[in-house]
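A.B. asks: The opening residue of the sequence shown carries number 1 in the UniProt record's numbering; numbering runs sequentially from there. We put the beta carbon where it would ideally sit given N, CA and C, even for glycine. Submitted below is the structure of interest, expressed as C-alpha cells.
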Amino acid sequence: MALGGAMLRTTLRLCALSRRVRSASAASSASMSTLLISQGRYSWLQELGLREENEGVYNGSWGGRGEVVTTYCPANNQPIARVRQASIEDYEETLKKAKEAWKVWAEVPAPKRGEIVRQIGDALRKKINVLGNLVSLEMGKISAESVGEVQEYVDVCDYAVGLSRMIGGPVLPSERPGHTLIEQWNPLGLVGIITAFNFPVAVYGWNNAIAMVCGNVCLWKGAPTTSLVSVAVTKIVAQVLEDNKLPGAICSLVCGGADIGKAMAKDERVDLLSFTGSTNVGKQVAMVVQERFGRSLLELGGNNAIIVFDDADLQLVIPSALFAAVGTAGQRCTTARRLFLHESIHDEVVEKLVKAYAQVRIGDPWDANTLYGPLHTEQAVKLYVDAVAQAKQQGGSVVYGGKVIDRPGNYVEPTIVTGLPHNAPIVQTETFVPILYVMKFKTEEEAFTWNNEVKQGLSSSIFTKDLGRIFRWLGPKGSDCGIVNVNIPTSGAEIGGAFGGNKHTGGGRESGSDSWKQYMRRSTCTINYSKDLPLAQGIKFQ
C-alpha cells in the first residue's frame, strides 16, 4: 500500500507537471499565433527574410544574446514579430569584427567601393515595395511616404557612386620653389550610426552610403520600435557584401536600447557617432562624445516655421502648409509646427486650411488612398493630448481637430490652433505630433525675428513674390536655419543638398553637397621635390 501510495503521488505530480507544460506550450503557441507575421495576409514579410523571432545582431553572422523585444503595428497596436537585441557582449564582439573588416575595406579603391554601393542600391530597388510595406506596418507612415523613404536610400546610393570618383582635396600652389601642397582626405574608420523611428531606412541610408564610399565601416543601432526594419535592411546589404566576398561586418547591426547607445557614445573606437533623435538625448550624446574628444554628427529636433506674406500665392500656400504639418502625422523633424500669417490674410488662410484639413483621408497606412496614418506609439498620443490641453490653457483656440480618434491604433486628429502669442511656452516647445500653431504678424522684421527665436534651427520657409524679401530671407538677417526655403514646404528635402540644422538641431550635415567631409579626416601635405630646403615665410635658420 505504501509503495502504491507513493506511486500514485508520483503519478499525480507527473500529471500535474504535464498539464503545466501543456498549458505553457499552449500559452506560448497562442502568443505566437497572435503575431501578425504568422497570419497569411502578412506572409510577404518572409520575402524580407523575417520570421516570428529574429536575430538582431549582425557582424558577418547573425546572433543576439540580449532581451527579446516585440515590435507593434501603430495602426492597431498588434504585435508584428520579435527581435532578439544585442547584449553588451554582442556589442563588443561586433565592434571588434567591424574594426577588422575596416582593414579590408580601406584597401578597396574608392571607385570599387562605389560599385558595391551601386549594388546595394540595386538590391534595394528590387525590394522597394515590400520594404516600404514593412515601414508602413512597423513605423506607421503612409505607403507613398514609406516607399519614398526607401527610394531616398536608393537615390543616396546613386549619388555616392558618383562621389566615389570625385572625393579629394585640391592641389595648392606653394610659395616655395620645388614644393607642392596637397589636401589629402582619408576615412575615419568606424562610423557608429544611431537612427530614430521616424525615418528607419532613409537616415541610415544617408550615413551608410556616403560613409562606405569614403572608406568607413558602419555600426548601426536603429530605434528599438523599428527593429524589424533594421534587420530587413541589413539582410539586403549583407547579401551584397557576401556576393562580393567582402566581410559582412563592414555593415554591422546591433539592435538594442539605451545601454547600447551609451556604449557607442563612450567608445573611443567609434571614430564618428552619427546620432538622429531628440535634442535632449542628443545633448547627452554630444557631451559624452566630446569628453573623449570624439566626433559626433547630430541631427536633432526642429520647431519649424512657415511665413506667409500678403503677396503670397495661396494656391501654393495651402497644400504646402497641409503637407508640411500633416505629413507623417507630424512626426518629421522638418514638420511645420508654426505658421505665421500676415494679418491681412490670416482669416482667409485659416478658413482655407480648415477646409483642406477636413479633406485629409485618415486610415490604415498601407491603404493607397490614405493620406494620414497613426502616431508611432501610445506615448505619442499622450504627448498630443497634453499639448492640446496646454495650448488651450495658454489661450489658444482649437479651430480644427484636437481629439483622439476612436478607432484601434494610435490615431489623433490633425490639429490647428489659433490665438496664441508667438512666445507662448507651448509654441516654443517642439512636440512631435500633428499640431500647427497659427499666428498673425505685421512686418517682415517681426516675422523673421519670430522664426529665429526658438532654440532649434532646422527648417524654415517663406511664401512671397518679392525678390528683395527673398534675398533678405536668405541673407545674414534672415532665417538662421540649415534649410531655408522659398514657396515650398519645410519638409521634403532632396538628397543633393546637405541636410541638417543649426543651434539646438545639432549642426550636423548629412546626405549631399560636401557632407562627405564629415566622414573623413583631412591632412595638409607639403611635398618637396627639389634639392633645396627653403622655409615658409622667408625664414632663415642658419
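For phenylalanine 463, which three-state DSSP category applies?
C.D. replies: Translated into the one-based positions of the sequence shown, residue 463 becomes position 463. Phenylalanine 463: strand per DSSP, three-state reduction.
A.B. asks: I'd like to know if the stretch 94-102 and the stretch 202-210 are in contact, where contact means that at least 3 CB-CB pairs between them fall below 8 Å.
C.D. replies: Result no; under three Cβ-Cβ pairs closer than 8 Å.
A.B. asks: Between the stretch 339-349 and the stretch 490-503, do three or more beta carbon pairs fall short of 8 Å?
C.D. replies: Touching, no.
A.B. asks: Going by DSSP in three states, methionine 166 sits in which element: helix, strand or coil?
C.D. replies: Looking up residue 166 in the sequence shown gives position 166. Reduced to three states, the DSSP call for methionine 166 is coil.
A.B. asks: State the Cα-Cα distance for the pair leucine 35 and alanine 258, rounded to the nearest angstrom.
C.D. replies: The residue you call residue 35 lines up with position 35 of the sequence shown. The residue you call residue 258 lines up with position 258 of the sequence shown. If I take the Cα positions, the gap works out to 26 Å.
A.B. asks: Under 8 Å, with one C-beta from each stretch per pair, do the stretch 133-142 and the stretch 72-84 reach the 3-pair mark?
C.D. replies: Verdict: yes, contact present.
A.B. asks: Restricting to runs no shorter than 4 residues, where is the alpha helix (DSSP H) found entirely within the stretch 267-300?
C.D. replies: Listed in chain order, the complete alpha helix (DSSP H) runs (minimum 4 residues) inside the stretch 267-300 are 279-291.
A.B. asks: Check for me: the alpha helix (DSSP H) holding proline 319 runs from which residue to which?
C.D. replies: One-based indexing of the sequence shown puts residue 319 at position 319. Run containing proline 319: 314-326, per the alpha helix (DSSP H) assignment.
A.B. asks: Leaving aside the five residues before and after serine 515 along the sequence, list all residues of the same chain whose C-beta is less than 6 Å from its C-beta, in chain order.
C.D. replies: For the purposes of this step, residue 515 is taken as residue 515 along the sequence shown, with counting starting at 1. Only Ala498 and Arg509 meet the Cβ criterion.
A.B. asks: For valine 130, which option in Asp122, Glu115, Val147 and Gln119 has the closest C-alpha, if you only look at C-alpha atoms?
C.D. replies: Stepping through the sequence shown from its first residue, residue 130 is reached at position 130. For the residues Asp122, Glu115, Val147 and Gln119, the minimum Cα distance to valine 130 belongs to Val147.
A.B. asks: Taking only three categories from DSSP, how would you classify serine 511?
C.D. replies: Within the sequence shown, residue 511 is the residue found at index 511, counting from 1. Correct three-state label for serine 511: strand.
A.B. asks: Less than 7 Å between the beta carbons of isoleucine 362 and leucine 339, yes or no?
C.D. replies: Working through the sequence shown from its first residue, we reach residue 362 at position 362. Working through the sequence shown from its first residue, we reach residue 339 at position 339. In this structure, leucine 339 does not lie closer than 7 Å to isoleucine 362 by Cβ.
A.B. asks: Could you check which residue in Gly60, Asp271 and Gly282 has the C-alpha nearest to that of glutamate 242?
C.D. replies: What you label residue 242 is simply residue 242 of the sequence shown in a count that begins at 1. Nearest option by C-alpha distance: Gly60.
A.B. asks: Could you work out which residue in Lys503, Gly162 and Pro534 is closest to leucine 298 when comparing CA atoms only?
C.D. replies: By one-based count along the sequence shown, residue 298 stands at place 298. Of Lys503, Gly162 and Pro534, the residue nearest in Cα terms is Lys503.
A.B. asks: Leaving aside the five residues before and after isoleucine 182 along the sequence, list all residues of the same chain whose C-beta is less than 6 Å from its C-beta, in chain order.
C.D. replies: For the purposes of this step, residue 182 is identified with residue 182 of the sequence shown, where counting begins at 1. Contacts found: Val171 and Cys525.
A.B. asks: Going by CA-CA distance only, name the one from Gln379, Ser459, Tyr400 and Cys157 that's closest to asparagine 304.
C.D. replies: As a position in the sequence shown, residue 304 is number 304, starting the count at 1. Comparing Cα-Cα distances from asparagine 304 to each of Gln379, Ser459, Tyr400 and Cys157, the minimum goes to Ser459.
A.B. asks: With distances taken Cα to Cα, identify the nearest neighbour of serine 274 among Ala196, Leu316, Val233 and Ala324.
C.D. replies: For this step, residue 274 is matched to residue 274 along the sequence shown. Among Ala196, Leu316, Val233 and Ala324, the Cα nearest to that of serine 274 belongs to Ala196.
A.B. asks: Assuming contact is defined by CB atoms lying nearer than 7 Å, are valine 326 and valine 317 in contact in what I supplied?
C.D. replies: The residue you call residue 326 lines up with position 326 of the sequence shown. The residue you call residue 317 lines up with position 317 of the sequence shown. No, the pair does not count as a contact, with Cβ atoms beyond the cut-off.
A.B. asks: Could you compute how far the alpha carbon of threonine 180 sits from the alpha carbon of tyrosine 529?
C.D. replies: What you label residue 180 is simply residue 180 of the sequence shown in a count that begins at 1. What you label residue 529 is simply residue 529 of the sequence shown in a count that begins at 1. The alpha-carbon atoms of threonine 180 and tyrosine 529 are separated by roughly 8 Å.
A.B. asks: Is it right to say methionine 520 is buried, meaning 16 or more other beta carbons lie within 10 angstroms of its own, or is it exposed?
C.D. replies: Start at 1 with the first residue of the sequence shown, and residue 520 comes out as number 520. So methionine 520 counts as buried.
A.B. asks: Tell me the DSSP secondary structure of glutamate 55 in three-state form.
C.D. replies: Residue numbering aside, residue 55 sits at position 55 when the sequence shown is read from its first letter. The answer is strand: DSSP assigns glutamate 55 an E or B state.
A.B. asks: Quick check on DSSP: helix, strand or coil for residue 578?
C.D. replies: Not covered by the structure: residue 578. The range shown for the chain is 1 to 542.
A.B. asks: Looking only at its chain, what residues have a beta carbon closer than 7 Å to the beta carbon of threonine 70, apart from the 5 residues adjacent to it on each side?
C.D. replies: By one-based count along the sequence shown, residue 70 stands at place 70. Correct list, in chain order: Pro79 and Arg82.
A.B. asks: Which word fits cysteine 214, buried or exposed, when buried means at least 16 other C-beta atoms lie within 10 angstroms of its C-beta?
C.D. replies: Position 214 of the sequence shown holds residue 214. Label assigned to cysteine 214: buried.
A.B. asks: Measuring straight from C-alpha to C-alpha, what distance separates leucine 474 and threonine 335?
C.D. replies: Here residue 474 is taken as the residue at index 474 of the sequence shown, counted from 1. Here residue 335 is taken as the residue at index 335 of the sequence shown, counted from 1. Answer to the nearest angstrom: the Cα atoms are 20 Å apart.
A.B. asks: Please classify lysine 141: does DSSP put it in a helix, a strand, or coil?
C.D. replies: Here the question's residue 141 lines up with position 141 in the sequence shown. Of the three classes helix, strand and coil, the one that applies to lysine 141 here is coil, per DSSP.
A.B. asks: What are the boundary residues of the beta strand (DSSP E) that glycine 395 is part of?
C.D. replies: Indexing the sequence shown from 1 puts residue 395 at position 395. Looking at the DSSP string, glycine 395 is not in any beta strand (DSSP E), and its letter there is neither H nor E.
A.B. asks: So, under 8 Å CB-CB, threonine 226 and proline 247 are touching, yes? Tell me the CB distance rounded to an integer number of Å.
C.D. replies: On the sequence shown, residue 226 is found 226 positions in, with the first residue counted as 1. On the sequence shown, residue 247 is found 247 positions in, with the first residue counted as 1. 26 Å between Cβ atoms; not a contact.
A.B. asks: What is the residue span of the beta strand (DSSP E) that alanine 493 lies within?
C.D. replies: Counting from 1 along the sequence shown, the entry for residue 493 is found at position 493. Unbroken run through alanine 493: none, as it is neither H nor E.
A.B. asks: Please classify methionine 264: is it buried, with 16 or more other beta-carbons within 10 angstroms of its beta-carbon, or exposed?
C.D. replies: To locate residue 264, count along the sequence shown from 1; it is residue 264. So methionine 264 counts as buried.
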